[in-house]
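A.B. asks:
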Amino acid sequence: MKRLAKGRLLFMFALLTLFLAGCGEPFISTLQPAGQVAQTQYDLMLLSTAIMVGVIIVVTVIFLIVLFKFRRKDDKIPKQVEGSHKLEIIWTVIPILLLLVLAVPTVSATFKLADVSPMEKKNEEGKTDVTVINVKANLYWWEFEYPNQEIVTSQELVVPTDEKVYFNLLSTDVKHSFWIPAVGGKLDTNTENVNKFWLEFNNEKADEVGNLFYGKCAELCGPSHALMDFKVKALPKDEFDAWADAMTAIEEPVQAETTTAQEGQEIFNESCIGCHAVTPTGAGAMGPNLTSFGDRTHIVGYLDHTEENLKNWLKDPESIKPGNKMTGKYGDLSDDEIDALTEYLMGLKVVEE
């Protein structure tokens, strides 16, 4: 009875595992591809899984046939047969054919996905005819530079849909890994060499998730590795161009309007400007660019974009993201100063509502 109970429990856990394997949000699930690269990788995964399952089924059937058909029925010793050229040829040729079935599309896809030649071609203006984004991974945040538009953002990547977007990947400190699960596989960011690849964001899939995908660091990099997230705004080409034009048009820091926000701007200029830029053409010396901070959907990559979360971050960054570079960079701020700084930062908007 105990064995039966354990067997039932094991069966239930197996069913639960199978059920949970199908769960996942479309903005972060690799099983719900939202682009050409992700679809190619998904198809290869299905092909390899089908081959493996097919092999398992065939082997299981042969095993059961042998188990029941040739089980010992008496004390007689059956005829001893050693070797069969026909069988040996069959079980040698079949694996080779299966490997070819898997290898041909895999190799083809590998070369196709590795082709980044369009991002190397410059036009008369010294720019590329395709969208190129330079990604810099830092402990524990992301910086995105658009060389064609000459703008820099951080934490939220903005991309056009239905076209190839090319990436240069680099790390400023330790090894990280750039990964947008729903759109394509991960690629490492190193300190000594630049990795290059491209992704394509499907407009219909983007529309289904409110034009927002989630990105992550996929390489263990420190105590806040699991919190090193970023968001991806996938916009139609015309909306992406409008966003880029709005960013390019900002030449001076956005001026605070209210008295409290003006106080916050003064505090920012005294305590924060050394690490954070508030114009899209500059990268902060040590911290993220905050030009469009008010337009973001999340704070520090994973918290909801609310004043309360921002105040908690300003009060004690270490408790929210251990090991971050902002901890200990400035003196203690009073509650009034944090309120003023929060109002100023929330007012840093580029997109008109």
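Mapped onto this note's numbering, the consecutive letters of the sequence shown carry residue numbers 24 to 376.
Glycine residues also receive a C-beta, built at the ideal position from the N, C-alpha and C atoms.
#1: What is the rounded straight-line gap between the Cα of Val60 and the Cα of Ala229?
#2: First and last residue of the beta strand (DSSP E) that includes Val158?
#3: DSSP three-state label for Glu223, please.
#4: Between Glu105 and Glu111, what straight-line distance do the alpha-carbon atoms span, to the nearest angstrom?
#5: Distance cutoff 8 angstroms, beta carbons only. Does Leu125 sit that close to anything in chain D?
#6: Enumerated in chain order, which unbroken segments of the beta strand (DSSP E) with a length of 3 residues or greater are wholly contained in the stretch 244-268?
#7: With DSSP collapsed to three states, give me the class of Leu180.
#8: Can you tell me where the alpha helix (DSSP H) with Gly287 in it begins and where it stops?
#9: How about the stretch 29-41 and the stretch 175-184: do they share at least three Cβ pairs that are nearer than 8 angstroms?
#10: By a C-beta neighbour count over all protein chains shown, 10 Å radius and 16 as the cutoff for buried, is Ser247 buried or exposed?
#11: Counting along the chain, where does the alpha helix (DSSP H) carrying Val188 start and finish?
#12: Would you mind stating whether Tyr189 and Phe291 have Cβ atoms separated by less than 8 angstroms?
#13: With respect to the beta strand (DSSP E) encompassing Leu210, which residues constitute its N-terminal and C-terminal limits?
#14: Among the residues of its own chain, which have a CB less than 6 angstroms from the CB of Met251, if the five just before and after it don't count?
#15: Alpha carbon to alpha carbon, how far is Ser52 from Val197?
#16: Can the beta-carbon of Lys144 be found less than 8 angstroms from the beta-carbon of Thr151?
#17: Classify Ser200 as buried or exposed, calling it buried when 16 or more other Cβ atoms lie within 10 Å of its own Cβ.
#18: Hey, is the stretch 275-290 in contact with the stretch 117-129, meaning 3+ C-beta pairs nearer than 8 angstroms?
#19: Would you list the one or two residues that DSSP bridges to Lys239?
#20: Less than 8 angstroms between the beta carbons of Phe253 and Gly238, yes or no?
C.D. replies: Walking through what the data contain:
#1: Position 37 of the sequence shown, counted from the start, is the residue given in the question as residue 60. Position 206 of the sequence shown, counted from the start, is the residue given in the question as residue 229. Inter-residue distance for Val60 and Ala229 is about 15 angstroms (C-alpha atoms, whole angstroms).
#2: Stepping through the sequence shown from its first residue, residue 158 is reached at position 135. Following the DSSP letters along the chain, one finds Val158 inside the beta strand (DSSP E) bounded by residues 154-161.
#3: Taking the sequence shown and counting its residues from 1, one reaches residue 223 at position 200. If DSSP states are grouped into helix, strand and coil, Glu223 belongs with the strands.
#4: On the sequence shown, residue 105 is found 82 positions in, with the first residue counted as 1. On the sequence shown, residue 111 is found 88 positions in, with the first residue counted as 1. Each residue's alpha carbon lies about 12 angstroms from the other.
#5: Of the protein chains in this structure there is only one, and it is not chain D.
#6: Qualifying beta strand (DSSP E) stretches, in chain order: 252-258.
#7: Taking the first residue of the sequence shown as position 1, residue 180 is located at position 157. Strand, per DSSP.
#8: In the sequence shown, counting from the first residue as 1, residue 287 sits at position 264. For Gly287, the enclosing alpha helix (DSSP H) begins and ends at 282-294.
#9: With the cut-off at 8 angstroms, the stretch 29-41 and the stretch 175-184 do not touch.
#10: Along the sequence shown, read from residue 1 onward, the residue named residue 247 stands at position 224. Buried, because 16 or more other Cβ atoms sit within 10 Å of the Cβ of Ser247.
#11: Within the sequence shown, the letter at position 165 stands for residue 188. Not the alpha helix (DSSP H): Val188 falls in the beta strand (DSSP E), residues 187-194.
#12: Along the sequence shown, read from residue 1 onward, the residue named residue 189 stands at position 166. Along the sequence shown, read from residue 1 onward, the residue named residue 291 stands at position 268. Between Tyr189 and Phe291, the C-beta spacing is not below 8 angstroms.
#13: By 1-based counting over the sequence shown, the position of residue 210 is 187. Element bounds for Leu210: 207-212.
#14: The residue you call residue 251 lines up with position 228 of the sequence shown. Within the same chain, Met251 has close Cβ partners Tyr163, Cys240.
#15: Position 29 of the sequence shown, counting from 1, holds the residue named residue 52. Position 174 of the sequence shown, counting from 1, holds the residue named residue 197. Approximately 26 angstroms between the Cα atoms of the pair.
#16: Locating residue 144 in the sequence shown gives position 121, counting from the first residue. Locating residue 151 in the sequence shown gives position 128, counting from the first residue. With contacts defined as CB atoms closer than 8 angstroms, Lys144 and Thr151 qualify as a contacting pair.
#17: Position 177 of the sequence shown holds residue 200. In this structure Ser200 is buried. Its beta-carbon is surrounded by 16 or more other beta-carbon atoms within 10 angstroms.
#18: Verdict: no, contact absent.
#19: For the purposes of this step, residue 239 is taken as the residue at position 216 of the sequence shown. Paired residue(s): Trp202, Asp252.
#20: The sequence position of residue 253 within the sequence shown is 230, counting from 1. The sequence position of residue 238 within the sequence shown is 215, counting from 1. Cβ distance < 8 angstroms, so Phe253 and Gly238 count as in contact.
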